[in-house]
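Engineer: Would you mind keeping the following structure in view while I ask a few things?
Residue numbers (this note's numbering): 59 to 883.
And the structure:
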């Protein structure tokens, strides 16, 4: 029973290209891969050229890696791609279920290398057995990701990113390197020995250097000291230094300078005659050892090989792969200078294990968990984790996972690399205790999150492509990403801004599209913020982290669209400009404080265009009677007679030229708004055209006793189309999804989350209510989608029992998505 999936090699190719919004974009990271470092890397000098010869004009030794500190540990990570058969690697020799289920594939007990009375190693793993006997091999059993996925691509992406429930935009080792370098340039902090840079060593600000496991056929000849070559290198460095910052020439030149510096630094690593094995993984680990010996500043070295995907012919295939792995580890330590042995830990990973039952082709299929190896002189040798039981399994069922792979990673980061697992993998990770001691040098990471307090302002329009507000006077084209300046615009200060509360409105695209807002300088996430419909005006609010340049990025997928951005407040970084005492979120269960259909909060009558309605917010729906700066409201327009918009603003302030909600005739449209409260405890709400019923549900307020905001890059927590966060099925009428929102980077003490909730093509008109688990479902709505359309709304959801929220669908059936943009803690 073969899993329908792309091959291991194809999955690895897809996960070895750094994300790019624009395939024609050129920056240093992309160019390093395009012109050598991702196509074979290590463009070494000819024999005899020395990295110590600094007579070459312009050679920049600051780009080389500095020697690592005396107490820094080095981590070598070996990927066993394709899915290693853990049962035939660490063999349960006395388990009758193993022999029955694996059948002729089972390794006879007498052939194994005994570890204890019940366990043996595959006979090819003689080097591993030596480490076991020396007490320097840890075997971590039952490792997997608890959200099992049996696609090579999807599972490999989870293992490489260290994020099992979100769209991968970076790798776990890359994010560790981000924090370790903290913005410094170092081409040798992390290296992949191979011909590409895989996802797990791609950070959000850093990327590993790749080094080919061979003597390259391209390099810098000895003649670089004279003649045309010297002129060429001078020209390259001049182009890097003498052209405007951000220009195409500057980027190309800077990338080429990096390339030349890498080439010079690596010259002595691989000798002229090569001396490398003809077996790929053996050669890779030989080069890895030599790189470490050169003391270039390496903290992370990765390499991988395969294919372990043994659907058929497993007895020969698996034995061959383990023989290669064993030889590679042996050669690594034989090439490693003894002075470095105590500084190195080697670990393995594989995207999944294999099934306990053999198939009809002398093979096994994609499984759910497998043991992993950790080797090192300070490793606590022995078994860790829990071996999965085979009892009661039916054919094609998978073994349970007992160790979350992120706990495995966290144990390596905190136990060996000096710390940072919370920043890399999120809070709540478990230390498996794999080390008796580790390096004494701790890595100081930036704070786990940037937390901010809300500063409410009267709404201001900072961007409008129709009239040039914000600097653009044209529609945003398909596939285009634009930046909106936030810091220093309008009433927003020039620095200390962590995030912004912004209402985005798409205006009459030719066809359906989607728009994504995200912090500038970060990779675009696989989520949407606004879902524009052809010919319509569609709003959606968002809380967006502000990038280091003070901007947010807006991506438009297809069609041309006009866009406006109205800001109602910002979140000031802790330690930044003073926010006063009222900038913290007090989350509330949704409560209806206005409904002009029923006379709640105002007369039971439609509101005419141009008529301002004064709404009392203090002391209602859980909002305190005093000490409140702003309120978070979900506004709804109910079947207006004309198209128009609603403006909300604090009583006593001038009415702004902004929209808090854009409505369409005959439709029910919601939009969340954060509105500063007037001195008398009220706000003003005014529709622009026609007559309309208005509804407002309060979901939170900002006081002195609440929680601070922590913005995140948008991350998908729920997608019922693909099974993220819930089973892959449409949500039926009267049904609820219980979604855990803590974990996966959200701490357990979080009191609320900001989610962009999207309804995908409901069968009938319906409404959705998001509320905390453990509380009664309120009479309120969070989203009011029309049949056949894709619509979204920002939801600030109070976190309920066990870190969970509930999403209720009233009518018909619908697919639901939820993208995290921030949390409050």
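Glycine included, C-beta positions come from ideal geometry on N, C-alpha and C.
It should be emphasised that the depicted structure is a prediction, and the values quoted were computed from it without experimental measurement.
Is it true that the segment 575-582 meets the segment 595-611, where meeting means three or more beta-carbon pairs spaced less than 8 Å apart?
Structural biologist: Yes, since at least three Cβ pairs between the segment 575-582 and the segment 595-611 fall closer than 8 Å, the two stretches touch.
Engineer: What did DSSP end up calling residue 417 once you bin it into helix, strand or coil?
Structural biologist: Correct three-state label for residue 417: coil.
Engineer: In chain order, what residues of the same chain lie with their CB nearer than 8 Å to the CB of residue 543, ignoring the 5 residues before and after it?
Structural biologist: Taken in chain order, the residues that qualify are 520, 528, 529, 608 and 609.
Engineer: For residue 738 and residue 759, what's the separation of their Cα atoms in angstroms?
Structural biologist: Each residue's Cα considered, the two are about 16 Å apart.
Engineer: For residue 126 and residue 861, I'd like the C-alpha separation in whole angstroms.
Structural biologist: Distance between the alpha carbons of residue 126 and residue 861 is about 41 Å.
Engineer: So for residue 335, helix, strand or coil by DSSP?
Structural biologist: Three-state DSSP puts residue 335 in coil, outside helix and strand.
Engineer: Where do the N-terminal and C-terminal ends of the beta strand (DSSP E) with residue 158 fall, by residue?
Structural biologist: It is not in any beta strand (DSSP E) - residue 158 instead sits in the alpha helix (DSSP H) that spans 154-160.
Engineer: If you count every other CB in all the chains shown that lies within 10 Å of the CB of residue 399, and 16 or more means buried, which is it?
Structural biologist: By the 10 Å Cβ count, residue 399 comes out exposed.
Engineer: Considering just the uninterrupted stretch of the beta strand (DSSP E) at residue 137, what are its terminal residues?
Structural biologist: Residues 132-138.
Engineer: By the DSSP assignment, the beta strand (DSSP E) with residue 500 in it spans what residues?
Structural biologist: Here residue 500 belongs to no beta strand (DSSP E), and DSSP marks it neither H nor E.
Engineer: Taking residue 191 as the reference, which of 468, 172 and 218 has the closest Cα?
Structural biologist: Here the closest residue by C-alpha is 172.
Engineer: Per DSSP, which residues does residue 734 bridge with? Please list them.
Structural biologist: DSSP, once it has assigned bridges, lists 688 as partnering residue 734.
Engineer: Note down the Cα distance separating residue 633 from residue 640, rounded to an integer number of angstroms.
Structural biologist: Any answer about residue 633 is weak, because its pLDDT of 49 lies below 50 and its placement is not dependable; what the coordinates show is given next. When rounded, the distance between both Cα atoms is 15 Å.
Engineer: Does the distance from the C-beta atom of residue 457 to that of residue 426 stay below 8 Å?
Structural biologist: Result yes, Cβ atoms of residue 457 and residue 426 sit closer than 8 Å.
Engineer: Considering only C-alpha positions, which residue in the set 137, 348 and 422 is nearest to residue 159?
Structural biologist: Comparing Cα positions, the closest option is 422.
Engineer: Rounded to the nearest angstrom, how far is the Cβ of residue 411 from that of residue 141, given a contact under 8 Å?
Structural biologist: Indeed, because the Cβ distance is near 6 Å, the residues count as touching under 8 Å.
Engineer: Please name the residue or residues paired with residue 406 in a DSSP beta bridge.
Structural biologist: Answer is 136.
Engineer: Taking the beta carbon of residue 713 as the centre, do at least 16 other beta carbons fall within 10 Å, making it buried, or is it exposed?
Structural biologist: The residue in question, residue 713, is exposed, as its Cβ has fewer than 16 Cβ neighbours within 10 Å.
Engineer: Straight-line CA distance for residue 139 to residue 836?
Structural biologist: So the alpha carbons of these two residues sit roughly 49 Å apart.
Engineer: Tell me which residue opens and which closes the alpha helix (DSSP H) that residue 246 is part of.
Structural biologist: Element bounds for residue 246: n/a, residue is neither H nor E.
Engineer: Would you mind reading off the limits of the alpha helix (DSSP H) that contains residue 430?
Structural biologist: Per DSSP, residue 430 belongs to no alpha helix (DSSP H); it is in the beta strand (DSSP E), 428-433.
Engineer: Between which two residues does the alpha helix (DSSP H) carrying residue 474 extend?
Structural biologist: Careful: residue 474 lies outside any alpha helix (DSSP H) and carries neither H nor E.
Engineer: Can you tell me the Cα-Cα spacing of residue 193 and residue 435, whole angstroms?
Structural biologist: Rounded to the nearest angstrom, the two C-alpha atoms are 8 Å apart.
Engineer: Measure the CB-CB distance between residue 705 and residue 766 and report whether it falls below 8 Å.
Structural biologist: Not closer than 8 Å, so no.
Engineer: By the 10 Å Cβ neighbour count, where 16 or more other Cβ atoms means buried, how is residue 389 classified, buried or exposed?
Structural biologist: Burial call: buried.
Engineer: Once you ignore the five residues that flank residue 751 on each side, which residues in its own chain have a CB closer than 6 Å to its CB?
Structural biologist: Taken in chain order, the residues that qualify are 654, 655, 664 and 696.
Engineer: Let me know if residue 454 comes out buried or exposed under the rule of 16 or more other beta-carbons within 10 Å of its beta-carbon.
Structural biologist: So residue 454 ends up on the exposed side.
Engineer: Using the Cα positions of residue 808 and residue 834, report the straight-line distance between them to the nearest angstrom.
Structural biologist: Their Cα atoms are separated by approximately 20 Å.
Engineer: Could you spell out where the alpha helix (DSSP H) holding residue 865 opens and where it closes?
Structural biologist: First-last for residue 865: 862-867, but that is the beta strand (DSSP E), not the alpha helix (DSSP H).
Engineer: Have a look at the DSSP bridge pairing and note the partners of residue 543.
Structural biologist: Looking at the DSSP assignment, residue 543 forms a beta bridge with 609.
Engineer: Enumerate, from N- to C-terminal direction, the unbroken beta strand (DSSP E) stretches of 3 or more residues contained entirely within the segment 754-780.
Structural biologist: Runs of the beta strand (DSSP E) inside the segment 754-780: 767-777.
Engineer: So the candidates are 248, 496, 684 and 652; which of them puts its Cα closest to the Cα of residue 756?
Structural biologist: Among 248, 496, 684 and 652, the Cα nearest to that of residue 756 is on 652.
Engineer: Could you round the C-beta distance between residue 624 and residue 518 to whole angstroms and report it? I think they count as a contact, below 8 Å.
Structural biologist: Indeed, because the Cβ distance is near 7 Å, the residues count as touching under 8 Å.
Engineer: Under the DSSP definition of a beta bridge, which residues are partnered with residue 707?
Structural biologist: Looking at the DSSP assignment, residue 707 forms a beta bridge with 742.
Engineer: With contact counted as at least three CB pairs below 8 Å, one residue from each stretch, are the segment 809-823 and the segment 876-883 in contact?
Structural biologist: Taking 8 Å as the limit for Cβ pairs, the verdict is that the segment 876-883 does touch the segment 809-823.
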